[in-house]
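Chains as they are written, first to last, in UniProt numbering: chain C, 1 to 432; chain V, 1 to 432; chain E, 1 to 432; chain B, 1 to 432.
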């Protein structure tokens with residue numbers, strides 16, 4: 001961790017406690033958790049007991065709900081920058097640690113929505129049990145039929161009929177929808193599809209998961225992984241009916257809500273990815289320096305390309321971490337909107353870095369690196385997903401490009417001034 | 001297919017027939033096959049009926065055992081170059097088509113070993129049913145405890161005791177060992193571990209799969225795929241006893257056998273990978289030109305980076321294909337040893353090309369590209385595996401480098417001659 | 001040279017002779033030539049005597065005007081493929097060998113224009129002395145004020161007034177215009193700028209270099225090199241007047257002419273670039289295996305990354321060569337238009353390959369690699385230029401992409417057929 | 001400039017003043033300076049008058065000798081981090097601005113050596129006029145005959161004879177040696193070549209440039225640039241005799257001195273490279289948004305790949321800047337040795353970033369980007385040089401790798417502890 005981003009003594013203490021918890025409890029419990037998830041249909045009905053134990057322990061250690069930023073009275077009062085440093089620690093054990101702390105997606109983003117926009121009733125009903133880790137939630141945005149990377153494409157219909165909304169749509173990649181504890185969906189759809197302002201057509205509606213008309217069709221796989229029990233599911237909404245009081249913030253405010261929701265979430269993802277990259281590098285180093293694994297008379301690390309790869313990963317991780325921390329810091333000092341470019345840069349850079357790091361580490365492991373015996377193959381899937389989730393690279397790059405290209409006029413104006421001054425110098429006998 | 005590599009009219013006819021078979025039978029049967037493989041433990045006991053149908057049809061079409069090169073009377077008389085062009089076609093449907101033609105690894109390599117080195121008895125017992133597609137086989141080389149990319153590291157012990165060999169060792173990544181039809185292993189081990197010549201320590205022994213002492217421990221996964229029913233299994237050999245007549249070629253000849261076995265096999269893999277890359281590109285083009293998928297007002301292909309990626313993949317595929325065909329041609333004109341460098345170059349280049357192509361295609365698909373709904377995620381796993389299987393990139397690169405670097409003296413000598421002649425010209429008043 | 005592209009015995013003999021000439025005369029004369037070019041203003045007035053000697057010798061050896069393809073009676077009767085193999089040989093010594101053989105750009109392309117489209121008078125006046133190596137020529141297309149990568153942007157005006165054309169325009173990067181032997185320009189301009197067909201607006205006009213109104217303003221530099229005596233010059237045409245008989249092929253045919261002119265020229269450039277890459281690799285190998293240059297106790301080649309780089313360059317060169325030869329072969333078997341995609345692919349791939357190879361070789365040399373003591377820095381400039389000259393990468397990539405993307409409908413149709421057949425199989429109880 | 005690295009109000013004021021000076025004086029004077037350097041032999045004898053004017057102005061503005069860090073009473077009291085932010089500003093105009101501020105290499109490093117290790121007499125004679133900008137200096141380390149990236153290879157002999165040292169050696173790439181104002185060399189050589197400690201063999205000796213036996217043989221070129229009047233020269237030392245009082249710090253301390261000298265210098269180079277990259281990006285943006293430059297109907301920026309490249313350069317610049325600032329901050333908080341890894345990471349990352357950025361910007365400019373009309377070609381030479389100067393990438397990567405790989409044992413130990421704890425959990429019925 002670079003020392004230049006100062007954190008509070010309280011945060012330092014949390015870091016220390018969290019490192020202990022991850023190393024002594026989460027990482028050792030990783031395989032136990034996987035085995036408790038089980039096989040076949042059971043994968044979608046089981047709540048692995050070890051997770052509940054870990055949650056209890058984390059709560060008792062004060063490592064609970066750390067994600068809620070300073071502005072919320074319900075939270076622990078950490079800055080985004082401070083929380084980011086903790087995400088790196090849980091990121092080393094991404095299947096277990098974040099959930100153990102009640103800090104895993106998509107619940108964190110959803111809790112923030114409830115905390116920021118929820119009515120007292122909505123908070124009581126959903127925020128309280130979510131923050132207690134008693135229930136889980138899902139955010140239903142991505143759709144099967146359209147390119148959801150452009151959020152204005154969303155087609156799910158939210159129609160007001162009397163005192164209710166009737167929801168119809170086909171969603172997929174709904175993370176968490178497979179979990180038996182998932183009790184509530186936040187559903188994004190169009191309540192006003194003809195509104196001239198394309199960013200006012202959408203609304204966000206709270207839908208209890210046991211509402212009639214909801215069908216969890218199937219889990220999607222990522223490189224063969226189903227990520228049970230949460231899963232990333234295809235979910236159909238057919239004439240799903242909820243009272244109008246289930247609207248969040250108000251009709252036509254959906255776009256506004258996701259704008260705020262995604263920024264910090266992207267930083268959390270990125271920072272956990274830094275943790276994954278550090279574990280990847282550690283795994284690679286342990287392998288290539290293993291004195292018992294020699295090829296052509298040498299420990300792997302003594303083959304020059306392997307050592308160079310190790311150094312390159314180190315450089316890339318450190319640069320990526322600085323970018324994420326800088327973005328987190330920017331959120332703290334302005335807000336998610338003010339930090340939009342910084343967030344976008346981190347969001348593009350970090351998953352690509354992780355993908356490269358994991359790929360090199362896999363290669364250094366040989367076939368073992370692809371298998372269930374190491375975490376690397378799962379990380380490869382995770383890294384690959386991150387380049388698409390919460391907006392694919394292309395969208396962020398386009399956004400960044402647009403911002404930079406706007407500077408064209410200003411640069412040309414400056415160049416003109418330089419030329420004019422140059423002419424003046426020349427006219428002056430090449431004197432200032 | 002580039003026209004510059006001429007193939008016989010017979011091969012052209014086979015190409016045509018094979019394209020029909022793949023498009024009309026194999027590709028449509030792909031999902032049927034997957035579903036027949038089933039779920040859970042059943043995956044390792046089922047022989048999907050559709051495969052047996054496809055095999056019967058391929059046989060009736062004369063598309064059977066095409067892999068056996070010209071030199072074998074048992075084969076169809078194709079050159080390596082000609083067979084390579086057919087591999088590209090089956091490569092578009094790699095889960096189904098190669099096996100349907102009885103041309104899938106590891107059986108092809110094993111059949112070639114039997115055909116080339118087998119005694120009449122060995123041929124009768126194993127080559128005949130293999131060539132009939134009645135049984136399957138495995139090649140047991142890679143080991144758990146050592147870096148098998150350096151084949152001299154192999155530790156499995158083959159001890160002669162009287163008229164038998166006693167085999168002890170822990171193998172893994174034994175492709176095909178999970179298949180209920182797998183009736184025979186070719187086991188590589190050390191019969192003379194102290195031989196001064198490191199390439200004479202190994203022997204290859206035929207081991208029927210029902211020999212006591214063999215335990216198929218578990219299937220390894222690649223990313224999250226188990227590739228049932230063949231699988232890539234961990235297999236323990238504990239005091240496994242076979243008669244000395246089960247030796248292939250003779251004691252101490254193991255290294256020699258794999259040298260010859262792997263060359264053409266690598267070309268087959270590479271050429272199928274070209275087919276996978278073409279399907280990848282087709283899949284990407286279909287997606288990005290889909291008029292119903294628009295982002296920010298444009299069909300995906302109209303976003304410039306997507307179009308550029310399509311062109312880059314095309315260039316890389318064509319270059320890779322030429323390299324594989326050139327290597328196949330070289331095998332035909334000299335032999336596997338004479339074509340060693342060409343094979344190594346193709347082996348390094350093609351899987352990396354496929355990995356990049358698949359990665360770009362996935363990105364163009366968004367999350368869908370990672371899922372079971374498209375072939376791309378499986379291809380990602382396949383491409384990644386190919387960079388390790390049959391020797392990781394690094395081994396081939398090292399080999400190629402060694403060859404090039406040997407030219408140092410010769411180049412310096414030539415440079416010296418140029419300098420001498422230059423001095424002569426200068427001395428001659430800067431005249432020739 | 002890969003053996004799979006068969007060339008005639010005559011070509012093989014030329015290869016042998018040419019290798020001798022390049023190694024024994026051209027390479028040793030390289031520094032002599034550079035020193036004879038001189039310094040300061042003299043660079044643009046000198047004709048280095050060693051070049052005239054080399055030309056005489058090449059002529060006497062029958063190594064003269066080899067570029068003119070089979071279809072021309074004036075030429076040596078080589079196929080494009082055969083000539084390409086010779087270009088690789090001269091490419092090892094690009095400053096000296098191509099001109100020594102009277103096979104250097106832009107003369108080759110210009111001679112082909114005269115040979116293909118010239119009237120008997122034009123041929124007599126320009127083609128004959130060009131083919132004798134008595135004069136040189138330039139092709140004036142690129143313009144200062146517009147993006148010439150889109151040739152329809154050209155603004156130079158060619159106005160017919162009575163029996164003359166009056167030419168006005170500002171050209172730059174006119175290679176060869178600095179040479180005192182340059183006696184004729186082929187000038188591309190718009191004679192019919194309002195023609196609805198954007199490819200019929202242009203005409204090509206022959207302009208003797210001593211015509212009043214032509215001003216060679218300055219040589220442009222490339223990475224600090226001026227490439228004297230040819231140079232790449234800015235040239236102004238102010239009311240330059242030539243008789244209407246100086247039109248080539250006819251008014252409005254300019255676009256058509258350059259289409260045909262550039263294809264084979266690109267292949268020549270690419271193939272010389274392969275020769276440059278081979279020399280680059282040789283230079284690198286000589287350096288890194290030099291026993292007298294050790295770092296940290298080891299000859300450079302024993303540092304693993306250096307060896308791996310050598311292997312990667314080898315793979316890239318071989319793949320690139322196959323692509324160029326395949327394109328040359330395609331021109332022979334169809335024509336430049338039919339080979340357009342193959343040419344474009346080679347044109348994109350080869351210069352990028354050369355750029356990477358040179359960059360790695362420079363790095364292996366340390367600062368020496370950047371200096372006048374090695375050819376590498378010049379090659380870096382050459383490689384960089386090639387990515388822009390004769391159409392930048394982007395234009396070729398766009399063209400290739402457009403071609404591929406057109407296949408979208410066809411692929412979707414095929415996919416539909418596969419789905420229909422799949423449904424049929426499923427309906428048939430999962431039987432074929 | 002990222003806001004997260006706080007600088008003092010005084011530094012902020014300097015930043016503002018410096019931006020004005022660079023924009024209003026240095027950039028407009030750039031071409032004037034180039035033209036005053038002249039042509040031919042004159043390039044090595046001229047002191048461009050505009051530079052002396054700029055120096056006077058900078059001095060009057062208090063923008064003088066800013067490089068000397070806080071610890072020196074002679075300096076302005078800035079931290080390394082603060083000075084780094086100023087280097088980015090001068091880096092936008094690297095040929096003119098750093099020297100105008102008396103902050104250009106190699107003088108800065110040499111002044112620091114005098115300030116840190118010089119005797120009062122040495123300071124009086126050399127440091128004072130250097131700090132006044134009256135003379136210039138050179139650092140003679142790199143040698144012709146050996147790989148100087150491994151500093152222990154240096155062969156220049158420094159022999160003590162009576163009260164003098166006699167120096168013999170062949171140096172090259174001695175920056176500044178071509179400048180008529182260069183009055184002193186710091187020469188690194190071996191005074192004790194047989195010392196068992198390879199880092200105690202070297203001494204650093206002060207050599208006035210008019211000492212007999214010094215021959216400036218020739219300027220080396222980088223690509224085609226000679227960087228006159230400073231130049232990077234080959235310099236022979238033949239029986240060069242200086243009094244023993246000219247030793248710096250003491251015999252055998254040469255290695256120790258360069259260790260300290262190079263760290264901060266690398267940061268200055270890196271930070272100026274950030275400024276070069278920002279100007280590169282600005283230049284590219286101005287070009288691709290230029291409404292008058294259209295290809296295929298669109299302004300260049302609307303071709304998607306160009307926009308994406310702009311965004312990627314932005315991301316890479318920002319990440320690189322953070323890495324340099326973090327390293328500068330680390331030097332401030334520990335020292336050059338404590339920041340060694342951070343410096344090495346920045347040193348590897350920044351020049352590669354700049355090289356990529358410049359290459360993309362050149363491509364967006366077409367041939368113009370390679371020429372004297374834009375700064376890009378010079379920046380390409382600068383970026384390429386930086387990957388070699390002050391230690392090639394490979395040396396820093398090797399150093400970083402060694403550090404990382406040392407962690408192998410510790411990681412394996414931790415992994416063992418995790419496994420042990422895992423076993424404990426399993427034994428406990430899969431409970432914590």
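The C-beta atom is built at its ideal place from N, Cα and C for all residues, glycine as well.
Worksheet item: Could you give the distance in angstroms between the alpha-carbon of residue 245 of chain E and the alpha-carbon of residue 106 of chain E?
Response: 23 Å
Discussion item. Does chain B have any CB closer than 7 Å to the CB of residue 53 of chain C?
Written reply: yes
Discussion item. Using a Cβ-Cβ cutoff of less than 6 Å, which residues in the same chain neighbour residue 329 of chain C once the five nearest sequence positions on both sides are dropped?
Written reply: 81
Discussion item. On the DSSP letters alone, give me the boundaries of the alpha helix (DSSP H) that residue 87 of chain C sits inside.
Written reply: 80-91
Discussion item. Using CA atoms only, rank isn't needed, just tell me which of E:377, E:414, E:391 and E:288 is closest to residue 150 of chain E.
Written reply: E:391
Worksheet entry | Under 7 Å between C-beta atoms of residue 109 of chain V and residue 158 of chain V | no
Discussion item. Less than 7 Å between CB atoms is the rule here; does residue 365 of chain E satisfy it with respect to chain C?
Written reply: no
Worksheet item: Do you know how far the Cα of residue 322 of chain B is from the Cα of residue 127 of chain C?
Response: 38 Å
Worksheet item: Whose Cβ in chain V lies nearer than 8 Å to the Cβ of residue 404 of chain E?
Response: 281, 285, 310, 311 and 314
Worksheet item: So, does the CB of residue 273 of chain E fall closer than 7 Å to a CB anywhere in chain V?
Response: no
Worksheet item: residue 252 of chain B versus chain V: which residues are under 9 Å apart at the beta carbon?
Response: Ordered by position in chain V, no residue passes the 9 Å Cβ test against residue 252 of chain B, which lies about 37 Å from the chain.
Practice prompt. Look at the Cβ atom of residue 85 of chain V, then the Cβ atom of residue 205 of chain V, and state whether they are nearer than 7 Å.
Written response: no
Discussion item. On a Cα-Cα basis, can you pick out the residue from B:212, B:207 and B:160 that is closest to residue 192 of chain B?
Written reply: B:160
Practice prompt. State yes or no: is the beta carbon of residue 79 of chain B nearer than 7 Å to at least one beta carbon in chain V?
Written response: no
Worksheet item: Helix, strand or coil for residue 243 of chain E per DSSP?
Response: strand
Worksheet item: Could you give the distance in angstroms between the alpha-carbon of residue 309 of chain V and the alpha-carbon of residue 345 of chain B?
Response: 31 Å
Fill in: Other residues of its chain near residue 2 of chain B: CB distance less than 8 Å, five sequence neighbours each side excluded
At residue 2 of chain B the pLDDT is 40, less than 50, meaning the model places this residue with poor confidence; the figure from the coordinates comes in the next sentence. Excluding sequence neighbours, residue 2 of chain B sits near 318, 321, 322 and 325.
Worksheet item: Taking Cβ positions, are residue 305 of chain B and residue 304 of chain V nearer each other than 7 Å?
Response: yes
Worksheet item: Taking Cβ to Cβ, would you say residue 44 of chain E is nearer than 7 Å to residue 102 of chain E?
Response: no
Item to complete: Give a yes or no on whether the minimum CB-CB distance between residue 377 of chain B and chain E is below 7 Å.
Response: yes
Item to complete: Kindly indicate which three-state DSSP category residue 295 of chain V falls into: helix, strand or coil?
Response: strand
Worksheet item: Quick check: the region 378-389 of chain V against the region 358-373 of chain C, are there 3 or more CB pairs under 8 Å?
Response: yes
Discussion item. Can you tell me whether residue 42 of chain E is buried or exposed? The criterion is at least 16 other CB atoms within 10 Å of its CB, across all chains shown.
Written reply: exposed
Worksheet item: In three-state DSSP terms, what is residue 413 of chain E?
Response: helix
Item to complete: Check whether the Cβ of residue 142 of chain E lies closer than 7 Å to any Cβ atom in chain C.
Response: no
Worksheet entry | Contained alpha helix (DSSP H) runs [length at least 4] in the region 370-402 of chain B, N- to C-terminal order | 376-386
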